[in-house]
Amino acid sequence: LINKSSGINAEWPLRPGNLPFLDDGDVKLTQSIAIVRYLGRKFGLYPSNEQEQQRCEMAEQEIVDFRTAFGRLCYDKDFDTKKEEYLKGLEKKLSAFDRFLGDGPYVLGCKLTYVDFLIYEYLDQIKKLAPDHVKAFANIVKAMTAFESLPTLQKWFNSEEYKAPRYINSPMSKFPGN
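The sequence shown maps to residues 1180 to 1357 in the numbering used here.
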């Protein structure tokens, strides 16, 4: 809950009270991509040179495009009609993304970055809609498996909270994902 004790007020940059938000001492951020980039820098999960940054930014924005199209589909009143068309287009996009990942397993090979978290989140959601579409691409499967095998994330992936049904979209959507 956001209330007066949360510290969200007019001093925050951009829309006070916007979710998600991060309050990390002197750092106050809204907007998911800004937050995940900040956390990437803070925890050493950020590209270390211009070439790496360009590759990560391309992958990041591809995921933003994927998520935007996925969101549009999930909230479309004609979801059932448009799902098949979406999945045909998705197959082509995932094929290109699979080639982009290459041997990976991450965007920067063996170096984990903030963008790999975005990729995993999106692909995990797509698995709920169309598991066979994700399974069809070896490099994508490899990336997801590597991510799920990270020792620091094992506790989360094995938790009942992670395994419990949960919404990825609002219950008002045509595909809440639970």
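Cβ atoms here follow ideal geometry from the backbone N, Cα and C, with glycine treated the same way.
Just to confirm, are residue i and residue j a CB contact at a threshold of 8 Å?
| i | j | result |
| --- | --- | --- |
| CYS1235 | ASN1348 | no |
For residue i, which of helix, strand or coil comes out of DSSP?
| i | result |
| --- | --- |
| PHE1249 | helix |
| LYS1290 | strand |
| ILE1181 | Summary for ILE1181: the model assigns pLDDT 38, below 50, so the residue's position carries little reliability; its value from the coordinates is reported in the next sentence. It is coil, neither helix nor strand. |
| ASP1202 | strand |
| LEU1208 | strand |
| ALA1343 | coil |
| ASP1257 | coil |
| MET1237 | helix |
| PHE1222 | coil |
| SER1274 | helix |
Considering Cα atoms alone, identify which of the options is closest to residue i.
| i | options | result |
| --- | --- | --- |
| VAL1286 | PRO1310, ALA1343, LYS1314, PHE1326 | PHE1326 |
| LEU1332 | ASN1228, TYR1299, LYS1314 | TYR1299 |
| PRO1284 | LEU1297, PRO1310, ASN1318, LEU1329 | ASN1318 |
| GLY1223 | VAL1294, PHE1200, ALA1275 | VAL1294 |
| GLY1219 | LEU1297, THR1260, PHE1249 | LEU1297 |
**Three CB pairs or more closer than 8 Å across the region 1206-1218 and the region 1266-1278** = Using a Cβ-Cβ distance cut-off of 8 Å, the region 1206-1218 and the region 1266-1278 are not in contact, since fewer than three pairs of beta carbons, one from each stretch, lie closer than that value.
**Asked** Does the region 1226-1243 come close enough to the region 1340-1355 that 3 or more CB-CB pairs lie under 8 Å?
**Response** No, the region 1340-1355 does not touch the region 1226-1243.
**Asked** When the Cβ atoms of the region 1276-1290 are set against those of the region 1255-1262, are three or more pairs found closer than 8 Å?
**Response** Not touching, per the Cβ criterion.
**Item:** Continuous alpha helix (DSSP H) assignments of at least 4 residues falling wholly in the region 1280-1338
**Value:** Counting only unbroken stretches of 4 or more residues, the alpha helix (DSSP H) elements lying wholly within the region 1280-1338 are 1293-1308, 1310-1314, 1317-1327, 1330-1336, in sequence order.
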